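Residue numbers (my numbering), protein chains in the order written: chain A, 27 to 279; chain B, 291 to 480.
We put the CB at the ideal spot given by N, CA and C, even for glycine.
Because the structure is a prediction, the values reported are computed rather than measured.
Notes for the one structure printed next.
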């Protein structure tokens, strides 16, 4: 099953996928443009992976890490499907990153790879935008690059784990204004999902609602104000976001 | 209800001074421009009176008694515990994000405390003044707010005192500041 959280008619509602649109819990059927899409889970701790695809590490001139490069994001960083993300004035390089998101379903501590999938509730898609102008070599990638307000689109759906036969073999891609700019497969992750759950749960407790953004393959290009950016993963979802500048955000001019 | 807890590394001047010219060399290449943030995820949140568990892979823990700015409410005492680490290059998730590593006082004072004091087994080991911050409280909030909106329920830790003491299993650690009761915890073997 695919579920979503949306705002409609003055309330936050739970919805399921229905013929390409969605169906609210009370039975109303709506088109995807009739609702405001919220992040599909109320996220707890938000983990993200850097350099988790060998080709991407090479693209950034880094050797692949020998342990997962994990960083955290604040809750204000998330924004739902069909949302907007701000490109600050004057920056030279803002890029998307299409990522498979793992949603933790039960409390996990000292989990082994063999049992790791038992702790997964489902999957969704994220676009882990970065603004490279702000990169600094202190707790890199630093928050000014990766934890900006509403700069991590996520959704549209939470897809039940039971409906995803092999999360480690999913084609993914990014389209900017309809043109494919990034293509890859989750099979090329350096540290796969079971390894990440084993790694994190070895030293900390994971809880239901914690999410892990698993990293992105190569194929980064810059995005600009007005661009429509779609990050999609086969069987999981197609997540749309629009880049805005300050004039749109402030509704002036 | 707590929403998010952020810490700021290298926000005491003596920490930057101690790193000296290293700030200009690899891997840092230049001194930090923006506040060096980290997050204290929910598994780290702990309360006064509960145990701080020493992980099997650590010999001692750093006890950074600090002031937490509770957005919209005031100030709380915090013990920001970590496994000591020298490098600031990559996010210190393994060193900081252990269960129970962030003890947050339950009482809030509206008056800005001048200093924070950390005691180990009753002995005063660290006295940190807000006069020694790289970014004073107002500036810190303003600089972070440029890219990340702090909201009610968020707590921002002002920095780790440069001479924060180490503690081992069996030690009792107390963090105090004016205006609220102290927070006190015992370090135990995990």
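Can you give me the C-alpha to C-alpha distance between residue i and residue j, rounded to a whole angstrom?
| i | j | result |
| --- | --- | --- |
| residue 63(A) | residue 364(B) | 34 Å |
| residue 78(A) | residue 235(A) | 22 Å |
| residue 280(A) | residue 137(A) | Because chain A spans 27 through 279 in this model, residue 280(A) falls outside it and cannot be assessed. |
| residue 401(B) | residue 459(B) | 34 Å |
| residue 469(B) | residue 355(B) | 15 Å |
| residue 269(A) | residue 256(A) | 11 Å |
| residue 170(A) | residue 306(B) | 20 Å |
| residue 339(B) | residue 124(A) | 44 Å |
| residue 143(A) | residue 220(A) | 7 Å |
| residue 416(B) | residue 357(B) | 13 Å |
| residue 60(A) | residue 31(A) | 13 Å |
| residue 183(A) | residue 113(A) | 25 Å |
| residue 475(B) | residue 50(A) | 48 Å |
Could you tell me whether the Cβ atoms of residue i and residue j are closer together than 7 Å?
| i | j | result |
| --- | --- | --- |
| residue 366(B) | residue 398(B) | yes |
| residue 167(A) | residue 97(A) | yes |
| residue 198(A) | residue 210(A) | yes |
| residue 394(B) | residue 368(B) | yes |
| residue 424(B) | residue 457(B) | no |
| residue 226(A) | residue 127(A) | no |
| residue 233(A) | residue 150(A) | no |
| residue 317(B) | residue 379(B) | yes |
| residue 472(B) | residue 466(B) | yes |
| residue 326(B) | residue 165(A) | yes |
| residue 208(A) | residue 261(A) | no |
| residue 106(A) | residue 181(A) | yes |
| residue 392(B) | residue 439(B) | no |
| residue 332(B) | residue 71(A) | yes |
| residue 193(A) | residue 267(A) | no |
| residue 303(B) | residue 422(B) | yes |
| residue 131(A) | residue 147(A) | yes |
Would you mind sorting residue i into buried or exposed? The rule is 16 or more other CB atoms within 10 Å of its CB.
| i | result |
| --- | --- |
| residue 374(B) | exposed |
| residue 277(A) | Annotation note: pLDDT 47 at residue 277(A) (below 50); position unreliable, coordinate value reported separately. Classification for residue 277(A): exposed. |
| residue 370(B) | buried |
| residue 320(B) | exposed |
| residue 117(A) | exposed |
| residue 68(A) | exposed |
| residue 352(B) | buried |
| residue 162(A) | buried |
| residue 403(B) | buried |
| residue 102(A) | buried |
| residue 396(B) | exposed |
| residue 312(B) | exposed |
| residue 40(A) | exposed |
| residue 385(B) | buried |
| residue 390(B) | buried |
| residue 279(A) | Model confidence at residue 279(A) stands at a pLDDT of 39, short of 50, so the residue's coordinates are unreliable and nothing is read from them. |
| residue 250(A) | exposed |
| residue 42(A) | exposed |
What span of residues does the alpha helix (DSSP H) with residue i cover, start to end?
| i | result |
| --- | --- |
| residue 170(A) | 169 to 172 |
| residue 419(B) | That residue, residue 419(B), is in no alpha helix (DSSP H); its beta strand (DSSP E) goes 413 to 419. |
| residue 434(B) | 427 to 435 |
List the endpoints of the continuous beta strand (DSSP E) containing residue i.
| i | result |
| --- | --- |
| residue 461(B) | Run containing residue 461(B): none; DSSP gives neither H nor E here. |
| residue 306(B) | Where residue 306(B) is concerned, there is no enclosing beta strand (DSSP E), although the alpha helix (DSSP H) it sits in stretches over 303 to 309. |
| residue 90(A) | No beta strand (DSSP E) holds residue 90(A); DSSP gives it neither H nor E. |
| residue 383(B) | Looking at the DSSP string, residue 383(B) is not in any beta strand (DSSP E); the run it does join, the alpha helix (DSSP H), is 383 to 386. |
| residue 225(A) | Not the beta strand (DSSP E): residue 225(A) falls in the alpha helix (DSSP H), residues 219 to 227. |
| residue 209(A) | 205 to 211 |
| residue 149(A) | 146 to 153 |
| residue 344(B) | 341 to 344 |
| residue 352(B) | 351 to 360 |
| residue 266(A) | 263 to 270 |
Please confirm if residue i has its CB atom under 7 Å from at least one CB of chain C.
| i | result |
| --- | --- |
| residue 448(B) | Among the protein chains of the structure shown, namely A and B, there is no chain C. |
Inset, instruction - Anything in the stretch 386 to 414 of chain B with a Cβ closer than 8 Å to a Cβ of chain A? List those residues in chain order, please. - result: So the close ones are 387, 388 and 389.
Inset, instruction - Can you give me, in chain order, the residues of the stretch 358 to 380 of chain B that have a beta carbon less than 9 Å from any beta carbon in chain A? - result: 378, 379 and 380
Inset, instruction - Closer than 7 Å, Cβ to Cβ, to anything on chain A: give me those residues from the stretch 314 to 332 of chain B, in chain order. - result: 317, 318, 319, 322, 323, 324, 326, 327, 328, 329, 331 and 332
Inset, instruction - Could you run through the stretch 76 to 107 of chain A and flag, in chain order, every residue whose CB is less than 7 Å away from some CB of chain B? - result: 95, 96, 97, 98, 100, 101 and 102
Legend entry - Near-chain B residues of the stretch 202 to 219 of chain A (beta-carbon distance less than 7 Å), N- to C-terminal order: Within the stretch 202 to 219 of chain A, no residue places its CB atom closer than 7 Å to a CB of chain B.
Legend entry - Residues of the stretch 412 to 438 of chain B with Cβ closer than 9 Å to any Cβ of chain A, in chain order: 434, 436, 437 and 438
Inset, instruction - Return the residues of the stretch 149 to 164 of chain A that lie within a Cβ-Cβ distance of less than 8 Å from chain B, sorted by chain order. - result: 160, 162, 163 and 164
Inset, instruction - Compile a chain-ordered list of the residues in the stretch 342 to 355 of chain B whose CB is closer than 9 Å to at least one CB of chain A. - result: 345 and 347
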